[in-house]
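Undergrad:
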Amino acid sequence: MKLQSAFLILIVASLAACGGDATADADIGKLLQTGKFEEAVKIVEARLETVEKGTEAEKNLILDYAQGLSVTDADKAQKSFLSFAKANADLVQPKDYKFVVSHLRTHEGFLEAIDVMHAGKTRWPDDSDMVALVEMLKADVEKANDPAAKAKMKGLGYM
């Protein structure tokens with residue numbers, strides 16, 4: 197009977213431990229969805245210190261980080277994502293670049309969005325997501341009438 201009780205406790209503890217990470221991820225997502233970007237960024241920063249480097253889990257945290265920072269510090273969002281992408285090229289896909297650019301442009305971080313888009317377009321010049329991303333960003337920059345962003349797009353040969 198003691199063995200069964202110990203086994204049951206072990207199972208419950210294991211499930212709680214497994215659920216801990218899922219709950220933390222859900223909490224980050226919920227914070228981001230409800231506009232609590234600074235709180236989400238703090239949680240992600242703490243988790244980035246303990247996550248195994250070069251893993252899908254780290255990539256997911258970096259994407260959450262970029263999303264949160266797109267509101268509070270677009271430059272840091274761009275730099276952290278591009279740094280991760282450079283160090284972990286095998287983990288990052290065009291959709292990840294698109295995700296980061298989407299959040300940056302939504303919060304008018306056009307210069308940073310251009311840098312991320314250009315890195316993705318350079319890596320995958322013929323990818324349909326990258327081609328569409330260039331066109332979307334061009335339209336945003338035109339609509340925003342941002343002279344610095346226009347100049348950057350022109351300088352990179354996109355306009």
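So my numbering is basically just the index in the sequence shown, starting at one, shifted up by 196. No residue lacks a Cβ here, since even glycine has one placed at the ideal position from N, Cα and C. Note that the structure is predicted; figures quoted are calculated from it, not measured.
Between which two residues does the alpha helix (DSSP H) harbouring threonine 246 extend?
TA: To locate residue 246, count along the sequence shown from 1; it is residue 50. Where threonine 246 is concerned, the enclosing alpha helix (DSSP H) stretches over 233 to 246.
Undergrad: Just curious, the alpha helix (DSSP H) that threonine 268 is in, first and last residue?
TA: One-based indexing of the sequence shown puts residue 268 at position 72. From DSSP, the alpha helix (DSSP H) with threonine 268 extends over 252 to 268.
Undergrad: Quick one: using the 10 Å Cβ neighbour count with 16 as the cut-off for buried, is alanine 340 buried or exposed?
TA: Residue mapping note: residue 340 aligns to position 144 of the sequence shown, counting from 1. Looking at its Cβ environment, which holds fewer than 16 other Cβ atoms inside 10 Å, alanine 340 is exposed.
Undergrad: Under the rule that 16 or more other beta-carbon atoms within 10 Å means buried, what is glycine 231, buried or exposed?
TA: By 1-based counting over the sequence shown, the position of residue 231 is 35. Exposed: under 16 other Cβ atoms inside 10 Å.
Undergrad: From the DSSP output, in three-state form, read off leucine 287 for me.
TA: Taking the first residue of the sequence shown as position 1, residue 287 is located at position 91. It is coil, neither helix nor strand.
Undergrad: Taking DSSP as the reference, what is the three-state secondary structure of histidine 359?
TA: Any answer about residue 359 is impossible in this case: the structure gives the chain only from 197 up to 355.
Undergrad: Measuring alpha carbon to alpha carbon, tell me which of Lys249, Gly264, Ile258, Leu257 ends up nearest histidine 299.
TA: Residue numbering aside, residue 299 sits at position 103 when the sequence shown is read from its first letter. Ranking the options by Cα distance to histidine 299, first place goes to Gly264.
Undergrad: In the DSSP assignment, find the unbroken alpha helix (DSSP H) run with glutamate 304 in it and report its ends.
TA: One-based indexing of the sequence shown puts residue 304 at position 108. No alpha helix (DSSP H) holds glutamate 304; DSSP gives it neither H nor E.
Undergrad: Along the chain, where does the alpha helix (DSSP H) containing glycine 351 start, and where does it finish?
TA: Reading the sequence shown from its first residue, position 155 is the one you call residue 351. Start and end: 343 to 351.
Undergrad: Over the uninterrupted alpha helix (DSSP H) stretch that includes isoleucine 326, give me the two end residues.
TA: For the purposes of this step, residue 326 is identified with residue 130 of the sequence shown, where counting begins at 1. Before going further, note that residue 326 is methionine rather than isoleucine in the sequence given. Its alpha helix (DSSP H) spans residues 324 to 340.
Undergrad: Might you give, ordered along the chain, the residues of its own chain that have their beta carbon closer than 6 angstroms to the beta carbon of tryptophan 196, omitting 5 neighbours on each side?
TA: The chain is shown only over 197 to 355; residue 196 falls outside these bounds and no answer can be derived.
Undergrad: Give me the Cα-Cα distance between alanine 253 and arginine 243, rounded to the nearest whole angstrom.
TA: For the purposes of this step, residue 253 is identified with residue 57 of the sequence shown, where counting begins at 1. For the purposes of this step, residue 243 is identified with residue 47 of the sequence shown, where counting begins at 1. Distance between the alpha carbons of alanine 253 and arginine 243: 10 angstroms.
Undergrad: Smallest Cα separation from valine 330: which of His314, Ala283, Asp269?
TA: As a working note, residue 330 is residue 134 in the sequence shown. Answer by Cα proximity: His314.
Undergrad: Going by C-alpha distance, which of Val267, Thr268, Val296 is nearest serine 279?
TA: Here residue 279 refers to the residue found at position 83 of the sequence shown. With distances taken between Cα atoms, serine 279 lies closest to Val296.
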